[in-house]
Amino acid sequence: MAVTLRAQEVTDVEFLHSLFSDPEVVRYWFVEPYVTRTDFETKFEARRGDRTARRFIIDDDGEAVGIVELVDIRETHRNCEFQIIVAPGRQGHGYAQTATTLILDYAFKTLNLHKVYLQVDDENEGAIHVYRKCGFQVEGHQREEFWVDGGYHDATRMVVFASDPRPEA
């Protein structure tokens, strides 16, 4: 396994659309899964050049296995939100932990950010476990934060600071 991160390209639109149109995948992103390919292409083009986000493909020897993103990058405050999806069928192989470690290195060493935070559905225990292994700590609890599948879901906000000790990869 030779996992790297690379910038999302137009050639990735089919893969990205497959992720964002899968209800099981986007359930934990708190977004509606319905999006046409045309609408997705339009959205992809509109966000090109957005300096408040860095969007990467998780690549394993030339195969796209997921995405990892830093969004809402605020230069003044030196913080951003972290997001990740590992493709169905590719979960449970260490991609999430490896990609999270790589993106945190990028956030802190390249972008010189101070803090990276995330929101995670309380029911997503596997993700919470990975985030803890990568150095994230619980910062707070958000009751009934997201409407998904006909009901409100609680979320946990987790954070890691550049100065926090992080486990070795």
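Residues 1 to 169 (full-length UniProt numbering) are what the sequence shown spells out, left to right. Don't be surprised by glycine CBs; every beta carbon is placed ideally from N, CA and C. Only a predicted model underlies this, so the values are computations on that prediction, with no experimental measurement involved.
Quick check: the Cα distance between residue i and residue j, rounded to an integer number of angstroms?
i: I58; j: G151; result: 31 Å
i: L19; j: P88; result: 8 Å
i: M158; j: P33; result: 24 Å
i: D164; j: L102; result: 16 Å
i: V35; j: F15; result: 13 Å
i: Q97; j: R74; result: 24 Å
Let me confirm a value: residue i is counted as buried when at least 16 other C-beta atoms fall within 10 Å, else exposed. Which label applies?
i: R55; result: buried
i: Q142; result: exposed
i: T11; result: exposed
i: H153; result: buried
i: A2; result: exposed
i: V138; result: exposed
i: D61; result: exposed
Which partner residues does residue i have in the DSSP bridge list?
i: V120; result: T156
i: L5; result: I58
Rank the options by C-alpha distance to the C-alpha of residue i and give the top, closest one.
i: E69; options: H141, P88, W29, T36; result: W29
i: V130; options: R51, G49, A99, V26; result: A99
i: H77; options: Q83, V116, G49; result: V116
i: F82; options: V71, I128, G126; result: V71
i: F136; options: N124, W147, L118; result: L118
i: R37; options: H17, G66, D105; result: H17
i: V26; options: R47, I67, T4, T52; result: I67
- Item | Any beta strand (DSSP E) of 3 or more consecutive residues that is wholly inside the region 135-165 | 137-148, 151-161
- Task: Quick one: which unbroken beta strand (DSSP E) runs of 3-plus residues sit fully inside the region 40-114? Chain order, please.
- Result: 54-60, 63-74, 79-86
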